[in-house]
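Novice: Please see the structure below; I have some questions.
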Amino acid sequence: MYLLTLLRSQGLSANHLHTVFHAIVVSRILYALPAWGVFLNAGQSGRIDAILKRAYKCGFSKDLITVTELLTQSSTTLFRKIKYNPSHCLSTLLPPKKSVNYSLRNCDSNYELVSVLILTINSHLLTIVYLICS
Numbered sequence: 000m001y002l003l004t005l006l007r008s009q010g011l012s013a014n015h016l017h018t019v020f021h022a023i024v025v026s027r028i029l030y031a032l033p034a035w036g037v038f039l040n041a042g043q044s045g046r047i048d049a050i051l052k053r054a055y056k057c058g059f060s061k062d063l064i065t066v067t068e069l070l071t072q073s074s075t076t077l078f079r080k081i082k083y084n085p086s087h088c089l090s091t092l093l094p095p096k097k098s099v100n101y102s103l104r105n106c107d108s109n110y111e112l113v114s115v116l117i118l119t120i121n122s123h124l125l126t127i128v129y130l131i132c133s
């Protein structure tokens, strides 16, 4: 935050401050968020949200973002990369595709649910199961 304050005092525009903030702070949060984001407790997520809120109030970010938004965005992006790239290293972990002979509505994915996924539920897996089902 100190670097951003110095850059603003030297006359850097709001658009450039937004770019620098996302390049330095948000990119570091997003880098490891798929790995450790599901293990955040409410206190840790609140501390990160407080930093992001303070950056928004100081004018370093144009929009107010939260850790849950970043986690949802990163998990959705990761799942789509796995889903649409058959050579992805995690694509073998997806359940097999189901074949249906009827067409009730358009479905985003055609994977069948595996009961093992339901037994090992945590917050990240719920997001993936929701994305598979919806």
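Position 53 of the sequence shown, counted from 1, bears residue number 52 in numbering that gives the first Met the number 0, the numbering being contiguous throughout.
Yeah, the Cβ is synthetic: ideal placement off N, Cα and C, and Gly gets one too.
Values in this document were obtained by computation on a predicted structure and should not be read as measured data.
List in chain order: all unbroken alpha helix (DSSP H) runs of 4+ residues lying wholly within the segment 16–49.
Specialist: Those alpha helix (DSSP H) runs which fall completely within the segment 16–49 and span 4+ residues are 26–35.
Novice: Exposed or buried, residue 42, counting other C-beta atoms within 10 Å across all chains shown (16 or more means buried)?
Specialist: As a first step, residue 42 must be located in the sequence shown, where it is residue number 43. Burial call: exposed.
Novice: Out of curiosity, what's the CA-to-CA distance linking residue 73 and residue 7?
Specialist: Indexing the sequence shown from 1 puts residue 73 at position 74. Indexing the sequence shown from 1 puts residue 7 at position 8. Their backbone Cα atoms lie some 29 Å apart in a straight line.
Novice: Skipping 5 residues on each side, what residues in its chain have a beta carbon closer than 7 Å to that of residue 19?
Specialist: Your numbering for residue 19 matches position 20 in the sequence shown. Closer than 7 Å at Cβ, skipping near neighbours: 3 and 6.
Novice: Could you tell me the distance, in whole angstroms, from the CA atom of residue 51 to the CA atom of residue 71?
Specialist: Counting from 1 along the sequence shown, the entry for residue 51 is found at position 52. Counting from 1 along the sequence shown, the entry for residue 71 is found at position 72. Rounded to the nearest angstrom, the two C-alpha atoms are 16 Å apart.
Novice: Answer yes or no: do residue 17 and residue 82 have a C-beta to C-beta separation smaller than 8 Å?
Specialist: Along the sequence shown, read from residue 1 onward, the residue named residue 17 stands at position 18. Along the sequence shown, read from residue 1 onward, the residue named residue 82 stands at position 83. Cβ atoms of residue 17 and residue 82: not closer than 8 Å.
Novice: Excluding five sequence neighbours on each side, which residues of the same chain lie with their C-beta closer than 6 Å to the C-beta of residue 44?
Specialist: As a first step, residue 44 is located in the sequence shown; it is residue number 45 there, counting from the start. Once the five neighbours on either side are set aside, the close Cβ partners of residue 44 are 66.
Novice: Could you tell me the alpha carbon to alpha carbon distance between residue 53 and residue 96, rounded to whole angstroms?
Specialist: On the sequence shown, position 54 is the one that residue 53 refers to. On the sequence shown, position 97 is the one that residue 96 refers to. Their backbone Cα atoms lie some 45 Å apart in a straight line.
Novice: Can you say whether residue 32 is buried or exposed, counting buried as having 16 or more other CB atoms within 10 angstroms of its CB?
Specialist: The sequence position of residue 32 within the sequence shown is 33, counting from 1. So residue 32 ends up on the buried side.
Novice: Straight-line CA distance for residue 76 to residue 12?
Specialist: Here the question's residue 76 lines up with position 77 in the sequence shown. Here the question's residue 12 lines up with position 13 in the sequence shown. Residue 76 and residue 12: Cα-Cα distance of roughly 30 Å.
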